[in-house]
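J.:
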Amino acid sequence: MNDLLTGAALALVLEGVCYALMPGTMRRLAARMAETPADRLRWAGLAGGCIGVGLVWLVRR
């Protein structure tokens, strides 16, 4: 559980830094995501999740 909370906190830190350093870029990215079809976002999320699980597995073994 500690690792899950640490990972969530790190994700919030990275997102916060992105918004603090480049708010215009993040706004444009959000607008592009709003226009992206749901199935493409779903596949991108699935791919990102699989990559994340793979990275955690590699680090933990």
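This note's numbering puts the first residue of the sequence shown at 32, with every later residue one more than the last. C-beta atoms are modelled at their ideal positions from N, C-alpha and C, and glycine is treated no differently. Quantities reported herein were computed from a predicted structural model and do not represent experimental measurements.
#1: Is the closest heavy atom of the ligand ADP to the C-beta of L60 under 7 Å?
#2: Quick one: residues in its chain with C-beta nearer than 6 Å to the C-beta of G76, no 5 flanking neighbours on either side, listed in chain order?
#3: Where does the unbroken alpha helix (DSSP H) through M57 begin, and where does it stop?
#4: Helix, strand or coil for R91? Go by DSSP, reduced to three states.
T.: Well, looking at it:
#1: Summarising the ligand content, the structure contains no ligands, and the ligand ADP is consequently not present.
#2: Position 45 of the sequence shown, counting from 1, holds the residue named residue 76. Within the same chain, G76 has no close Cβ partners at all.
#3: Counted from its first residue, the sequence shown places residue 57 at position 26. Looking at the DSSP string, the run of the alpha helix (DSSP H) that includes M57 is P54 to E66.
#4: Along the sequence shown, read from residue 1 onward, the residue named residue 91 stands at position 60. R91: helix per DSSP, three-state reduction.
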